[in-house]
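Chains L and U are the protein sequences, given in the same order. When we follow my numbering, the leftmost residue of the first sequence carries the number 13, and every step to the right adds one. When we follow my numbering, the leftmost residue of the second sequence carries the number 173, and every step to the right adds one. In this text, a Cβ means the ideal position worked out from N, Cα and C, and glycines have one as well. These numbers come from a predicted model, not from an experiment.
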Amino acid sequence: MADTGSDHGTAVVKREAPVPSTGTAVVPSDAIENPGFPPYRPRVSDLDPVKARQNERRVSWLFWLSIAGSIFAIVAYIVFPIVPGDLNSVRLNTLFLGIGIALGLFGIGFGAVHWSKSLMDGHDLVEARHPTRGSEETREKAVEVFHLGNKESGFTRRKLIRNSLIGALVVSPLPAVVLFRDLAPAGDPVARLKHTLWDKDVRLTRDPDGTPIKASDVTLGSVFHVIPDGLNDMHEGKLEEKAKAAVLLMRLKPSDLNVSQGREDWNFEGIVAYSKICTHVGCPVALYEQQTHHLLCPCHQSQFDITREATVIFGPAKRPLPQLPITVDNEGYLVARSDFTEPVGPSFWERL
Amino acid sequence: MASTASRKTRSGRRSPLVSALLLIVGLLATGGSYALFTASASAETTASVDALVDEGEKLFQANCASCHGLSAQGTDAAPSLHGVGAASVDFQVGTGRMPMAATGPQAEEKPVQFTDEQVAALASYVASLAPGPAIPSDTYLNGEGDVANGAELFRINCAMCHNVAGAGGALTEGKFAPGLEGVEPVHVYEAMVTGPQNMPVFNDLNITPEDKADIISYLQFMDENDSPGGIDLGGLGPVSEGLFVWIFALGSIVAITVWLTAKSN
Chain L
13 MADTGSDHGT AVVKREAPVP STGTAVVPSD AIENPGFPPY RPRVSDLDPV
63 KARQNERRVS WLFWLSIAGS IFAIVAYIVF PIVPGDLNSV RLNTLFLGIG
113 IALGLFGIGF GAVHWSKSLM DGHDLVEARH PTRGSEETRE KAVEVFHLGN
163 KESGFTRRKL IRNSLIGALV VSPLPAVVLF RDLAPAGDPV ARLKHTLWDK
213 DVRLTRDPDG TPIKASDVTL GSVFHVIPDG LNDMHEGKLE EKAKAAVLLM
263 RLKPSDLNVS QGREDWNFEG IVAYSKICTH VGCPVALYEQ QTHHLLCPCH
313 QSQFDITREA TVIFGPAKRP LPQLPITVDN EGYLVARSDF TEPVGPSFWE
363 RL
Chain U
173 MASTASRKTR SGRRSPLVSA LLLIVGLLAT GGSYALFTAS ASAETTASVD
223 ALVDEGEKLF QANCASCHGL SAQGTDAAPS LHGVGAASVD FQVGTGRMPM
273 AATGPQAEEK PVQFTDEQVA ALASYVASLA PGPAIPSDTY LNGEGDVANG
323 AELFRINCAM CHNVAGAGGA LTEGKFAPGL EGVEPVHVYE AMVTGPQNMP
373 VFNDLNITPE DKADIISYLQ FMDENDSPGG IDLGGLGPVS EGLFVWIFAL
423 GSIVAITVWL TAKSN
């Protein structure tokens with residue numbers, strides 16, 4: 013075995029330079045001479061019959077392991093059934109089923125690779141790539157078929173038919189364009205982005221049950237997750253509206269708030285409401301720290317300072333969170349004074 | 173009504189006066205005995221509460237007063253404890269967060285420094301200073317609430333900081349929301365009511381005691397049920413899972429590829 017090995021190693025066809033096919037644009041003139049394969053190095057299983065037998069056994073073990081794994085998967089599926097309502101049974105079932113099937117497949121794969129690497133003939137060889145160009149005969153035949161088709165159908169001669177066919181083909185995808193356009197929101201998307209369900213005297217209600225919130229419920233340091241009254245009665249587009257109108261309600265000491273001019277009556281005795289939609293890419297910002305009064309967006313770590321009207325103090329957000337002007341109605345419930353005075357959420361084309 | 177009633181009594185054998193007399197005697201008897209019994213009972217409980225408060229005051233002055241002030245009025249180093257209630261003390265001291273080992277971004281959980289009796293005494297003392305949230309009753313802590321409702325409330329109110337699986341998460345400037353696995357239900361409840369450190373307050377008007385019980389049930393359900401998909405990698409979400417895939421899945425693909433193409437020796 014070992015002696016004959018080197019003879020086989022020279023079986024490679026040595027070429028001085030690659031002969032370019034007629035289809036190749038660049039003719040390499042300075043091609044490196046193909047050094048050929050390194051001399052064949054005999055493997056342990058070529059040299060030592062004991063090692064060869066050992067490898068044979070190993071390959072066989074891997075296949076036996078695969079059989080065992082497949083049977084184990086079947087047994088495990090029966091022994092660890094999925095009990096409805098018991099999540100742990102799902103866990104055991106999938107775990108053992110997965111281990112069994114993995115062993116079954118990996119055993120075959122590793123066995124086959126180990127077989128070919130250690131026991132099958134180990135000589136390097138080159139399989140030359142076939143040229144992709146067809147023979148002259150085939151090419152002429154193809155051109156002939158085209159000409160014949162043109163002659164018989166009169167495609168180039170009957171211009172009226174040809175042009176109307178091209179027209180029909182161009183127009184035929186248009187219904188799809190119209191259909192897909194209709195998947196977008198009807199009406200002007202800009203107007204829809206600029207307005208939410210909030211309006212004058214709309215009550216602030218708890219997410220998710222929609223019960224109204226009294227100002228006295230909001231104790232110092234509290235946080236309420238708020239949706240507008242009436243959202244839960246919507247049947248269509250509820251999630252879209254919720255995604256725009258979600259609000260975080262917090263109560264701070266009135267002395268901690270730095271209220272700018274024009275916003276004096278937007279809070280109610282230290283109760284402030286801010287849009288929960290980050291002005292960066294629209295994640296819900298709700299990580300409120302009661303003592304530092306920072307609001308953190310979990311997606312990209314933008315931080316907003318609630319004491320300074322949600323100014324951005326860190327992170328990629330560009331604008332402060334829009335504030336919802338609130339007050340109380342005569343029953344003591346918190347209500348909005350108006351919609352947000354600016355669009356909520358991230359920038360869009362008409363608002364950069 | 174009055175006329176029909178009087179007609180009925182007249183038609184009976186008893187005089188109307190007897191009914192009224194019986195009523196008065198009955199009321200006096202029940203009211204009087206109630207007053208007597210409760211007076212004696214409250215006298216006993218006041219005595220034991222007073223002892224507990226005294227004990228708590230001593231513990232407070234020995235262990236807490238250096239930061240919180242001799243009468244818990246607060247100093248520059250620590251806030252006033254007037255009105256924080258027994259629930260706050262039971263949470264902060266009962267989880268080892270107080271007394272603080274060192275100043276830092278936040279007080280972290282550590283081995284509890286006091287016995288249960290001492291924690292109760294401290295709680296009674298602080299509760300005696302001003303009214304505040306009390307330690308919740310066991311009816312809300314047994315984990316038998318509506319798990320689905322608790323999960324929804326948890327996702328809305330808690331998950332943004334504590335992670336949807338309760339694994340905890342990072343906050344600003346070195347602070348973090350702790351993981352909630354294995355936390356005592358009473359401490360979960362107290363944390364919601366009192367809002368320890370930077371956690372906001374979720375009072376009973378925001379999340380009712382029944383809803384809090386549902387949230388606790390959800391957390392207990394998460395504790396009792398392993399992740400059905402296999403190892404949950406800490407439940408930290410796409411970052412930990414992505415890191416695992418990058419290191420181990422891609423690593424093993426690279427290793428197999430190297431083995432596939434290497435020559436056998």
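Closer than 8 Å to the CB of Thr344/U there is at least one CB belonging to chain L. When rounded, the separation of the alpha-carbon atoms in Pro355/L and Pro220/L is 23 Å. For Gln315/L, no alpha helix (DSSP H) segment is defined; the enclosing uninterrupted segment is the beta strand (DSSP E) at Gln315 to Asp317. Val340/L and Leu346/L have their C-alpha atoms some 4 Å from each other.
Look at Ser130/L: its C-beta is under 8 Å from a C-beta on chain U. Close to chain L, meaning a Cβ-Cβ distance shorter than 8 Å, are the following residues of the region 363-376 of chain U: Gly367, Gln369, Asn370, Met371, Pro372, Val373, Phe374 and Asn375.
Taking the C-beta atoms as reference points, Lys212/L is found no nearer than 8 Å to Arg331/L. Taking C-alpha positions only, Gly255/U is separated from Thr366/U by approximately 10 Å.
At a beta-carbon threshold of 8 Å, none of the residues of chain L lie near Asp288/U; the nearest stands roughly 28 Å away. The contact set of Pro224/L on chain U, defined by CB atoms closer than 8 Å, is empty, because the minimum CB distance reaches about 11 Å.
Taking the beta carbon of Phe158/L as reference, no residue of chain U falls within 8 Å; the closest one sits roughly 46 Å away.
Rounded to the nearest angstrom, the gap between the Cα atoms of His207/L and Val297/L is 19 Å. Listed along chain L are Leu99, Asn100 and Arg103, each with a C-beta nearer than 8 Å to that of Asp398/U.
Contact note: Gln315/L reaches chain U through Thr344, using a C-beta cutoff of 8 Å and chain order.
If you draw a straight line from the Cα of Glu321/L to the Cα of Gln335/L, it comes to about 7 Å. Straight-line spacing of the CA atoms in His292/L and Thr217/L works out to 26 Å. Considering only beta carbons, the part of the region 287-317 of chain L lying closer than 7 Å to chain U consists of Pro296, Ala298, Leu299, Tyr300, Glu301, Gln302, Gln303, Thr304, His306, Leu308, Pro310 and Gln315, in chain order.
Rounded to whole angstroms, the gap between the alpha carbons of Ile239/L and Pro266/L is 24 Å. Not a single C-beta of chain L is nearer than 8 Å to the C-beta of Met270/U. Annotated three-state conformation of Gly341/U is strand, per DSSP. Excluding residues up to 5 positions away in sequence, nothing lies with its Cβ nearer than 6 Å to the Cβ of Gly121/L in the same chain. Distances from the CA of Pro337/L to each of Asn279/L, Leu177/L and Gly179/L were compared; the closest alpha carbon is that of Asn279/L. Of all residues in the region 315-348 of chain L, only Gln315 and Phe326 place a beta-carbon less than 8 Å from a beta-carbon of chain U. A direct Cα-Cα distance of roughly 59 Å separates Gly242/L from Arg174/L. Listed in chain order, the non-local C-beta contacts of Ile225/L below 8 Å within the same chain comprise Arg215, Leu216, Thr217, Arg218, Phe236, Val238, Leu261, Tyr345 and Leu346, local neighbours out to five positions each way being set aside. Here Trp210/L is buried. Its C-beta has 16 or more other C-beta atoms within 10 Å. Asp60/L and Thr429/U have their C-alpha atoms roughly 27 Å apart. Listed along the chain, the chain L residues whose CB falls inside 8 Å of the CB of Ser220/U amount to none; the nearest CB is some 31 Å away. By the Cβ criterion, the region 344-353 of chain U is not in contact with the region 243-260 of chain U, since fewer than three pairs of Cβ atoms, one from each stretch, lie closer than 8 Å. In its chain, beyond the 5 residues on either side, Pro277, Gln278 and Asn370 have a beta carbon closer than 7 Å to the beta carbon of Lys347/U.
Contact annotation for Asn437/U against chain L: Arg55 and Val56 [CB-CB distance below 7 Å, chain order]. At a cut-off of 8 Å between beta carbons, Cys239/U makes no contact with chain L.
Under the three-pair Cβ rule at 8 Å, the region 284-304 of chain U does not count as touching the region 398-405 of chain U. Tyr286/L: member of the beta strand (DSSP E) spanning Ile283 to Ser287, first to last residue. Excluding residues up to 5 positions away in sequence, Ser243, Ala244, Leu253, His254 and Gly255 lie with their Cβ nearer than 8 Å to the Cβ of Leu301/U in the same chain.
Annotation for Val102/L: Ile94 place their beta carbon closer than 6 Å to its own, counting only its chain and skipping 5 residues before and after.
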